[in-house]
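A.B. asks: Sharing a structure here in structure tokens format.
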Amino acid sequence: MSNRKRTVLVTGGMGGLGESICTKLADLGYTVVTTYSPGSSKAVGWLAEMKERGYHFHAYALDVGDTDACASVISQIEKDVAPIDVLVNNAGITRDMTFKKMTKVDWDAVLNTNLNSVYNTCKPVVDGMVERGWGRVINVSSVNGQKGAFGQTNYAAAKAGMHGFTKSLALEVARKGVTVNTISPGYIGTKMVTAIPQDILDSKILPQIPVGRLGKPEEVAGLIVYLASDEAAFVTGANIAINGGQHMS
Ligand code: CAA
Numbered sequence: 146m147s148n149r150k151r152t153v154l155v156t157g158g159m160g161g162l163g164e165s166i167c168t169k170l171a172d173l174g175y176t177v178v179t180t181y182s183p184g185s186s187k188a189v190g191w192l193a194e195m196k197e198r199g200y201h202f203h204a205y206a207l208d209v210g211d212t213d214a215c216a217s218v219i220s221q222i223e224k225d226v227a228p229i230d231v232l233v234n235n236a237g238i239t240r241d242m243t244f245k246k247m248t249k250v251d252w253d254a255v256l257n258t259n260l261n262s263v264y265n266t267c268k269p270v271v272d273g274m275v276e277r278g279w280g281r282v283i284n285v286s287s288v289n290g291q292k293g294a295f296g297q298t299n300y301a302a303a304k305a306g307m308h309g310f311t312k313s314l315a316l317e318v319a320r321k322g323v324t325v326n327t328i329s330p331g332y333i334g335t336k337m338v339t340a341i342p343q344d345i346l347d348s349k350i351l352p353q354i355p356v357g358r359l360g361k362p363e364e365v366a367g368l369i370v371y372l373a374s375d376e377a378a379f380v381t382g383a384n385i386a387i388n389g390g391q392h393m394s
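Taking this note's numbering, the leading residue of the sequence shown gets 146, the next gets one more, and so forth.
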């Protein structure tokens with residue numbers, strides 16, 4: 146590792162959790178690159194708002210479910226910015242509905258964006274991390290990948306699959322200075338959660354959280370900062386829960 150600032154790629158960095166991850170890492174001196182969904186109209190405004198707050202992020206349109214696009218955009222990022230030292234697989238979607246109503250399209254969309262994406266983004270970056278002898282992969286899963294959730298057969302399957310990937314890749318690169326971990330946030334106060342019908346949130350979800358509130362994006366970002374650090378070199382293949390006590394395994 147040279148003295149260059151470490152570079153982090155955060156997928157889906159413009160969402161509730163992603164923004165917090167990007168800003169916290171930037172505050173610590175990382176060069177931050179983020180991706181956003183090609184269909185999103187948010188990028189220009191978001192980048193301008195971040196600039197006003199003093200953050201100069203690099204941003205690329207990328208469908209993380211598209212294998213070829215991930216290969217070419219990540220190669221471009223490494224040319225334009227720097228090799229990626231830390232990869233945070235944060236992009237994710239929900240298509241919540243009972244299994245009875247779920248179509249193959251709803252299943253495929255969630256599996257592709259939330260799980261195939263992990264292959265797609267790791268593939269172009271992990272070899273470089275191994276060659277340089279240092280790297281961090283942090284996969285943002287979910288409490289619902291650990292315990293299941295009503296209306297989330299697709300999402301829970303993808304998020305549980307993520308951790309199987311984490312454990313296997315962690316074994317393969319453990320001696321090369323590269324760690325691979327999963328974090329499993331519970332219900333965090335972002336759009337994804339506030340989109341849940343209020344009565345369901347109040348009657349079925351909040352009562353299950355012993356801490357008595359939703360989590361904060363910055364609490365999750367703090368855990369990611371730790372896993373990205375040199376001090377976390379002995380943590381690999383882990384699945385770290387951050388869920389207000391909702392699920393203890
Ligand atoms: N547990 C138990 N029962 C539930 C339930 C739950 N979590 N959610 C709904 N039900 C029950 C309802 O009370 C209702 O029961 P009755 O018929 O006896 O009244 C029945 O299931 C049908 O419920 P809905 O009318 O809500 O059914 P729907 O088809 O309109 O909606 C749903 C189903 C889309 C799954 C909706 O209930 C919902 O959005 N639930 C929340 C799902 C959820 O937790 N998503 C997490 C999003 S956040 C996230 O994913 C981030 C993360 O990583 C944690």
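Backbone N, C-alpha and C define an ideal beta-carbon position, used for all residues, glycine too.
Using the Cβ count rule (16 or more neighbours within 10 Å means buried), how would you classify V250?
C.D. replies: By the neighbour-count rule (16 or more Cβ atoms within 10 Å), V250 is not buried but exposed.
A.B. asks: For T183, does the count of other Cβ atoms within 10 angstroms reach 16, so buried, or fall short, so exposed?
C.D. replies: The sequence shown places Pro at residue 183, rather than the Thr named in the question. Its Cβ having fewer than 16 others within 10 Å, P183 is exposed.
A.B. asks: Please return the same chain residues whose Cβ sits closer than 6 Å to the Cβ of A171, not counting the five positions on each side in sequence.
C.D. replies: Closer than 6 Å at Cβ, skipping near neighbours: V177 and Y200.
A.B. asks: Looking at Q297 and the ligand CAA, is the gap between the Cβ and the nearest heavy atom below 7 Å?
C.D. replies: Correct: Q297 has its Cβ closer than 7 Å to the ligand CAA.
A.B. asks: Which same chain residues end up closer than 6 Å to L154 when comparing Cβ atoms and leaving out the 5 residues on each side of it in sequence?
C.D. replies: Excluding residues within five positions, the ones whose Cβ falls inside 6 Å are V178, I229 and L232.
A.B. asks: Tell me, to the nearest whole angstrom, how far the beta carbon of L368 is from that of I385; I am working on the premise that it is less than 8 Å.
C.D. replies: 6 Å between Cβ atoms; contact.
A.B. asks: Report back the beta-carbon spacing between A377 and T311 to the nearest angstrom; my notes put them in contact at under 8 Å.
C.D. replies: Their Cβ separation, rounded to whole angstroms, is 14 Å, which puts A377 and T311 out of contact at 8 Å.
A.B. asks: Going by the CB atoms, is the gap between N289 and P263 shorter than 8 Å?
C.D. replies: Here the sequence assigns Val to residue 263, which means Pro is not the residue at that position. No; because the gap between Cβ atoms is not below 8 Å, this pair is not in contact.
A.B. asks: Per DSSP, R149 is paired with what?
C.D. replies: Per DSSP, none; premise fails for R149.
A.B. asks: Less than 8 Å between the CB atoms is what I'm expecting for P269 and A216, so what's the real figure, rounded?
C.D. replies: So it is a contact: roughly 5 Å between Cβ atoms.
A.B. asks: Leaving aside the five residues before and after Q297 along the sequence, list all residues of the same chain whose C-beta is less than 8 Å from its C-beta, in chain order.
C.D. replies: Around Q297: T239, D241 and N289.
A.B. asks: Looking at the ligand CAA, does it come within less than 7 Å of I341, judged from the CB to the closest heavy atom?
C.D. replies: Yes, the Cβ of I341 comes within 7 Å of a heavy atom of the ligand CAA.
A.B. asks: Bridge partners of A386, per DSSP?
C.D. replies: S329, per the DSSP bridge assignment.
A.B. asks: Per DSSP, what kind of secondary structure is Y181 in: helix, strand or coil?
C.D. replies: Residue state, collapsed to three classes: strand.
A.B. asks: Indicate the three-state DSSP secondary structure (helix, strand or coil) for R281 in the structure shown.
C.D. replies: DSSP places R281 in strand when its eight states are reduced to three.
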